[in-house]
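A quick write-up on the structure given underneath.
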Amino acid sequence: MRDALGSGTILGYCTNVHAGASFAQMKANLERYALPVKQRVSPDAPMGVGLWLSAQAMQDAVAEKLIPDFRAWLSEHGLLPYTFNGFPYDDFHQPVMKGKVYLPHWADRDRYDYTLGLASILAELLPDDAEEGSISTLPLGWPSSFCGRPEDYPKQAQAATDQLMQLVHTLARIELDTGKHIHIDLEPEPGCILETSAGVVQFFEQFLLGGADDLSVLSYLRVCHDVCHAAVMFEDQAEALQNYRDAGIKVGKAQLSSAVRVDFDTMDAETRSAALTQLHGFCENRYLHQTSIRTDDGRVNSYLDLPDALADQPQPRGEWRVHFHVPVHLDTLGPSDTTQSQIGDYLAAIQPEDETHHFEVETYAWDVLPESLQTDDLAAGIGDELQWVLTEHGR
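Residue numbering for the sequence shown is 41 to 435, as defined by the working numbering.
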């Protein structure tokens with residue numbers, strides 16, 4: 041929806057929640073889910089859709105010249121393309137994704153080719169009156185696959201930098217040719233090479249900035265701020281934005297998302313037992329669910345996956361935050377809570393200088409939620425999320 045969160049903004053939802061591995065499946069799922077969502081929340085005006093294409097679907101769409109007809113179909117049905125999720129490269133809903141979602145990393149040529157392909161498609165899909173498009177991407181990679189050993193990091197980071205700089209120059213040519221400004225937005229995530237705003241700023245300052253191309257770098261390379269990710273890292277939302285501002289880095293895209301939160305120290309024994317049982321229900325095989333635990337002395341211990349944390353902490357204490365994207369309209373899950381309030385904290389902290397125009401609800405884990413939280417009507421669930429954002433935070 042245009043202007044939903046302020047003048048010049050676009051709000052939509054990330055369609056990786058019902059992504060299809062092929063182009064035909066992707067389009068069929070838009071028809072099956074996105075159109076009913078639109079009917080619920082924006083029947084009389086275009087609704088934003090954050091698109092996702094696997095690398096193979098992208099290549100097939102280009103080879104078969106499917107994009108012009110797809111652009112017309114989106115327009116006919118009132119679906120507004122404005123952003124791509126360029127993070128997952130392969131089928132995002134395969135039975136076991138886990139660490140594969142971080143491949144290929146940014147030192148791999150396949151990542152460059154995939155991202156450039158998305159940028160070219162997005163420039164073609166954007167409506168005539170749209171000048172800006174965004175593509176979120178992984179924060180360089182996962183440590184074990186990106187550099188293996190810590191001493192390999194400088195070499196790999198430089199290889200990633202070389203590709204990102206090449207992309208900057210190519211995006212400038214795309215804008216010159218099409219009038220469409222496409223920016224690539226690095227998305228910090230728990231456990232990745234870039235986990236927090238501080239890590240992003242350090243990478244920009246150490247590798248990307250300090251040369252003659254700084255203005256172009258800051259124009260075409262930005263940040264995708266995922267509210268859930270920052271919450272899991274116990275990063276204050278306003279402080280994260282200020283870190284980016286101080287470095288001159290724009291937040292090109294925001295993902296409105298919510299994590300699981302359990303504060304065991306505030307619970308009685310019965311509630312603590314119920315919350316622990318529920319946490320075990322969030323263990324599943326498809327995605328990684330990085331977990332951070334803050335103890336009463338302020339220390340934060342991090343685990344790569346929720347089962348690791350539960351195995352190490354059979355009698356849990358402290359405040360747990362789990363990277364499991366739960367529906368944003370829920371402030372409680374029963375015995376457990378969510379980080380829903382962080383969405384409001386983030387939105388309240390935005391300043392015009394951030395130049396954040398693109399917002400999307402990103403709850404990709406609907407189909408792996410514990411059974412008690414699942415829905416038989418995915419479109420209704422997504423609609424409830426968008427309606428909550430509009431009601432609570434619309435302007």
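The beta carbon of each residue, even a glycine, is placed where N, CA and C say it ideally should be.
Residue nearest to residue i in terms of C-alpha spacing, selected from the options
i, options, result
"ASP150", "LEU204, PHE243 and VAL362", "LEU204"
"ARG357", "VAL302, HIS398 and GLY374", "VAL302"
"ALA287", "ARG326, GLU275, PHE244 and ALA314", "PHE244"
"ARG213", "VAL241, ALA103, SER256 and TRP406", "SER256"
"LEU346", "GLY188, SER94 and LEU316", "LEU316"
"LYS428", "GLU215, SER381 and ASP407", "The identity of residue 428 in the sequence shown is Trp, whereas the question assumes Lys. Per the Cα distances, SER381."
"SER433", "ALA349, LEU413 and LEU387", "A small correction: the amino acid at residue 433 is His; Ser does not occupy that position in the sequence shown. Ranking the options by Cα distance to HIS433, first place goes to LEU387."
"ALA389", "ASP217, THR379, HIS397 and GLU279", "GLU279"
"CYS268", "LEU114, GLU395 and ARG361", "ARG361"
"LEU418", "VAL77, PHE304, ASP202 and GLU191", "VAL77"
"PRO183", "ILE175, ASP192 and SER176", "ASP192"
"HIS363", "ASP416, PHE274 and ASP84", "PHE274"
Residue i to residue j span [Cα, whole Å]
i, j, result
"SER342", "ILE333", "6 Å"
"PRO228", "LEU178", "7 Å"
"CYS323", "GLN282", "34 Å"
"SER237", "GLN330", "17 Å"
"THR306", "ALA44", "37 Å"
"VAL136", "ALA252", "44 Å"
"ASP371", "GLU425", "12 Å"
"GLY384", "GLU172", "25 Å"
"GLN277", "GLU104", "43 Å"
"HIS320", "GLY139", "20 Å"
"LEU344", "LEU328", "7 Å"
"GLN79", "PRO367", "19 Å"
"CYS232", "SER82", "36 Å"
"VAL340", "VAL272", "10 Å"
"ASP308", "ARG42", "45 Å"
"LEU226", "ALA270", "13 Å"
"TRP406", "GLY423", "13 Å"
"THR335", "ARG72", "45 Å"
"GLN318", "TYR53", "27 Å"
"THR123", "GLN355", "43 Å"
"VAL50", "GLY88", "For the sequence presented, residue 50 should be read as Ile rather than Val. Each residue's alpha carbon lies about 6 Å from the other."
"GLU310", "ALA349", "21 Å"
"HIS398", "LEU258", "17 Å"
"ALA299", "SER313", "20 Å"
"GLU395", "HIS365", "25 Å"
"PHE304", "PRO375", "10 Å"
"PRO194", "GLU411", "44 Å"
Cβ neighbours of residue i in the same chain (closer than 7 Å, five flanking residues each side left out)
i, result
"THR210", "LEU156"
"ASN56", "TRP92, ASN125, PRO128, PHE132 and TYR404"
"LEU143", "TYR129 and SER185"
"LEU207", "TYR152, THR155, LEU156 and ILE224"
"HIS117", "LEU75"
"ARG326", "PRO135, VAL136, MET137 and VAL408"
"ASP84", "none"
"ARG435", "LEU45 and GLY46"
Beta-carbon contacts of residue i that lie in its chain and below 8 Å, excluding the five residues immediately before and after
i, result
"GLY60", "MET66, LYS67, ALA68, ASN69 and ALA97"
"ILE107", "ALA101, ILE161, GLU164 and LEU165"
"SER62", "SER94, GLN96, ALA97 and ASP100"
"LYS220", "LEU162, ALA163, LEU166, ALA170, GLU171, GLU172, GLY173 and ILE214"
"PRO248", "Note that residue 248 corresponds to Leu in the displayed sequence, not to Pro. Excluding residues within five positions, the ones whose Cβ falls inside 8 Å are THR201, LEU204, MET205, VAL257 and LEU261."
Unbroken alpha helix (DSSP H) run spanning residue i, endpoints
i, result
"TYR284", "277 to 287"
"GLY421", "418 to 433"
"ASP66", "Before going on, a small fix: residue 66 reads as Met here, not Asp. Where MET66 is concerned, the enclosing alpha helix (DSSP H) stretches over 63 to 69."
"ARG111", "107 to 116"
"CYS264", "That residue, CYS264, is in no alpha helix (DSSP H); its beta strand (DSSP E) goes 261 to 266."
"LYS23", "Residue numbering for the chain in the displayed model covers 41 to 435; residue 23 lies beyond these limits and cannot be assessed."
"ILE161", "149 to 165"
"SER185", "183 to 186"
"SER237", "237 to 243"
"GLN96", "95 to 103"
"LEU75", "75 to 81"
Beta-carbon contacts of residue i that lie in its chain and below 6 Å, excluding the five residues immediately before and after
i, result
"VAL5", "There is simply no residue 5 to check, as the chain begins at 41 and stops at 435 in what is shown."
"PRO86", "GLY118 and LEU120"
"ASP377", "ARG301"
"HIS265", "VAL291 and ALA294"
"GLN196", "ALA147, PHE186 and CYS187"
"ARG111", "LEU165"
"HIS58", "ASN69 and TYR73"
"GLU402", "CYS54, GLN295 and SER297"
Where the beta strand (DSSP E) through residue i begins and ends
i, result
"PHE364", "359 to 366"
"MET87", "87 to 91"
"CYS54", "50 to 54"
"ASP225", "221 to 226"
"ALA294", "291 to 296"
"HIS398", "398 to 401"
C-beta neighbour in chain C for residue i, strict 8 Å
i, result
"VAL300", "The structure shown contains no chain C; it holds only a single protein chain."
Any non-hydrogen atom of the ligand COA within 7 Å of residue i CB
i, result
"ASP169", "Here there are no bound small molecules, and the ligand COA is not part of this structure."
Q) Which ranges does the beta strand (DSSP E) cover as unbroken runs of at least 3 residues, wholly within the stretch 302 to 363, from first to last along the chain? A) Runs of the beta strand (DSSP E) inside the stretch 302 to 363: 331 to 334 and 340 to 343.
* To do: Identify every run of the alpha helix (DSSP H) within the stretch 364 to 392, keeping only runs that are complete inside it and at least 4 residues long; order them along the chain.
  => The stretch 364 to 392 contains these whole alpha helix (DSSP H) runs: 381 to 389.
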